[in-house]
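Enquirer: In our numbering, the protein residues as written are 1319 to 1500. Let me begin by handing over the structure; questions about it come next.
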Amino acid sequence: MISQPEWLSLEALRLRSSAKENDLIDRLYSLLTVESLTQGLEAIDPQFDVKILSLIETSDYDSPDINKPIHLCRKVALRLSEAAVIYAESHCNPQASEAISFLNCGTKSLGRRLFSQEKMLQRSDFSYAFFPLHTLPQSLRQMLRGECDSLCARRSYFTIDNQALFITEWYLPELVKRVVGF
């Protein structure tokens, strides 16, 4: 069984990370901590779009649970000028009709939908982890084609009518290249 990385606060992750990983945290800090990743990415490049990779009921999503229930899972690549910079998974219980209505947003940004609500949705604190390549979701490993050893990710969840909508976002090597020049 593949052990999963431990999710931590950003401060705790810094304490457990290598110098190389801490350098990455420093470079990506504003994008790791921004509430709306969509807005953060658009500040780098207004040519932002969402590429849908899948929207299916599955147990193949990021979770520490060994026996994961079937969830509706939306997997997307957030892109700047057609280059993938974030791989994101959003999932919820398939009976959570309000949360599902957010996932069924086509190529629109989920963040834009979540943050444009009249009533403020409750969001958890962010937690962060570095994922060694072999622990990444298979669809993400295929996208990377060996470009890196590990990826930094953040996750949180929104509470919508007492149902959780989980979001995990992995920061891809292409984003690091763009932020260095930003």
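For every residue, glycine included, the Cβ atom is placed at its ideal position computed from N, Cα and C.
In whole angstroms, what is the alpha-carbon distance linking G1429 and A1482?
Expert: Your numbering for residue 1429 matches position 111 in the sequence shown. Your numbering for residue 1482 matches position 164 in the sequence shown. One C-alpha to the other measures close to 15 Å.
Enquirer: For the beta strand (DSSP E) containing Q1481, name the first residue and the last one.
Expert: To locate residue 1481, count along the sequence shown from 1; it is residue 163. Its beta strand (DSSP E) spans residues Q1481 to Y1489.
Enquirer: Would you mind reading off the limits of the beta strand (DSSP E) that contains R1345?
Expert: Indexing the sequence shown from 1 puts residue 1345 at position 27. R1345 -> not in any beta strand (DSSP E); alpha helix (DSSP H) instead, spanning A1337 to T1351.
Enquirer: Just mark I1485 as buried or exposed, buried being the case when its beta carbon has 16 or more other beta carbons within 10 Å.
Expert: Looking up residue 1485 in the sequence shown gives position 167. Burial call: buried.
Enquirer: Alpha carbons only, please: which of K1495, T1425 and V1403 is nearest the one belonging to A1471?
Expert: Within the sequence shown, numbered from 1, the residue matching residue 1471 stands at position 153. Ranking K1495, T1425 and V1403 by Cα distance to A1471 puts V1403 first.
Enquirer: Can you confirm whether the segment 1390-1399 touches the segment 1352-1372 when touching is taken to mean that 3 or more C-beta pairs between the two stretches lie within less than 8 Å?
Expert: Contact holds: three or more Cβ-Cβ distances are below 8 Å.
Enquirer: Using 10 angstroms around the beta-carbon of C1466, count the other beta-carbons present and answer buried if the total reaches 16, otherwise exposed.
Expert: The residue you call residue 1466 lines up with position 148 of the sequence shown. Counting Cβ neighbours within 10 Å, C1466 comes out exposed, since fewer than 16 surround it.
Enquirer: Under a Cβ-count criterion, where at least 16 other Cβ atoms within 10 Å of its own Cβ denotes burial, should D1380 be classed as buried or exposed?
Expert: If you number the sequence shown from 1, residue 1380 lands on position 62. Buried, since its Cβ has 16 or more Cβ neighbours within 10 Å.
Enquirer: What number of angstroms, rounded off, separates the C-alpha of W1488 from the C-alpha of Y1405?
Expert: Translated into positions along the sequence shown, residue 1488 becomes position 170. Translated into positions along the sequence shown, residue 1405 becomes position 87. About 5 Å.
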